[in-house]
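Colleague: First, the structure itself, so that you have it in front of you.
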Amino acid sequence: MNSPAILQLVSPSLPVGAFSYSEGLEFLAQVKKISSESEVFSWLEGELLRGQLRIEAASLSPMMDCLDNWRTKRTSHGASQVYEWDSWLLALRDSKEIRSQQRQMGASLLRLLADLDHPLPNQSTDLAWPLAWSWAGLSLSLPKIDVVQGYLYGWVANQLSASLRLLPFGPNKVQGMQLKLLPLISSQAKLLLNQNPRNLWTGDVGATMAQQSHRELYSKLFRS
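In structure tokens, the structure reads:
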């Protein structure tokens with residue numbers, strides 16, 4: 001980590017509502033597809049290695065460049081490039097629930113950044129989570145590797161927070177899993193930093209089905 005400012009973005013107190021989403025984990029827990037520490041760990045490991053998360057993480061660096069170009073030149077072409085990235089990443093998400101989540105979290109982060117004197121060039125808050133995260137990294141002058149690592153770390157931390165409320169193991173187990181995943185988070189961040197996101201593939205059909213099935217649950221702790 002090269003800048004302590006990343007700690008603000010990965011803090012659980014960041015007011016973006018991430019705590020209210022399980023991204024399919026609640027469904028998997030209720031139907032007993034995931035019920036143990038080892039199964040949670042395998043789920044997180046699989047998403048870091050094969051999930052949609054990887055494409056978003058690999059997109060952060062070029063999106064920061066695109067946003068910087070928009071901020072510097074203030075052209076309509078720069079804005080259209082940013083919104084093209086936003087549309088492309090959202091289109092890759094098969095689950096309506098995740099698209100809604102990313103729009104809500106993105107808007108919340110952009111409102112926060114505007115309050116901290118870092119509004120988008122057009123003052124909008126209409127970008128989804130990956131673009132909003134990229135704008136936060138650019139606005140706070142964070143190194144790109146910190147932005148990518150923080151994105152992966154924050155996703156894992158939110159999933160582990162959800163698992164703590166859904167499954168019968170305590171916070172010490174959760175902290176152990178977070179620690180065990182740090183080397184993979186670091187190695188994936190370094191790998192994805194220099195990857196072309198449009199050449200990557202995903203293998204997380206199960207995650208998409210779990211996200212879409214959340215609406216069918218009789219009782220819910222999470223929004224999706």
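For what it's worth, my numbering labels the leading residue of the sequence shown as 1, then goes sequentially. The beta carbon of each residue, even a glycine, is placed where N, CA and C say it ideally should be.
Suppose the cutoff is 7 Å on Cβ atoms and the five residues either side in sequence are ignored; what does the same chain contact list for SER140 look like?
Modeller: Residue 140 is actually Leu in this sequence, not Ser. Excluding residues within five positions, the ones whose Cβ falls inside 7 Å are ALA5.
Colleague: Evaluate GLN123 with the Cβ neighbour count: other Cβ atoms within 10 Å of its Cβ, from every protein chain shown; 16 or more gives buried, anything less gives exposed.
Modeller: Classification for GLN123: exposed.
Colleague: Thinking LEU217 and GLN30 are a contact (beta carbons under 8 Å), I'd like their distance in whole angstroms, please.
Modeller: With a Cβ gap of about 6 Å, LEU217 and GLN30 count as contacting.
Colleague: Out of curiosity, what's the CA-to-CA distance linking ASN194 and ALA58?
Modeller: Their backbone Cα atoms lie some 7 Å apart in a straight line.
Colleague: Buried or exposed: where does ASN158 fall if 16 or more other Cβ atoms within 10 Å of its Cβ makes it buried?
Modeller: By the neighbour-count rule (16 or more Cβ atoms within 10 Å), ASN158 is buried.
Colleague: Considering GLN52, what are the terminal residues of the alpha helix (DSSP H) in which it resides?
Modeller: Here the alpha helix (DSSP H) through GLN52 covers 52 to 73.
Colleague: Between which two residues does the alpha helix (DSSP H) holding TRP88 run?
Modeller: Per DSSP, TRP88 belongs to the alpha helix (DSSP H) from 76 to 91.
Colleague: Contact between the stretch 81 to 89 and the stretch 130 to 137 is defined here as three or more beta-carbon pairs at a separation below 8 Å; is this criterion met?
Modeller: Segments in contact, yes.
Colleague: Leaving aside the five residues before and after HIS118 along the sequence, list all residues of the same chain whose C-beta is less than 6 Å from its C-beta, in chain order.
Modeller: So the list reads SER139, once near-sequence residues are dropped.
Colleague: VAL174 and LEU152 - do their beta-carbons sit closer together than 7 Å?
Modeller: No. Outside cutoff.
Colleague: What separation, rounded to the nearest whole angstrom, lies between the Cα atoms of GLY137 and LEU48?
Modeller: The straight-line gap from Cα to Cα measures roughly 21 Å.
Colleague: Is it buried or exposed, GLY51, if we count other Cβ atoms within 10 angstroms and call 16 or more buried?
Modeller: Counting Cβ neighbours within 10 Å, GLY51 comes out buried, since at least 16 surround it.
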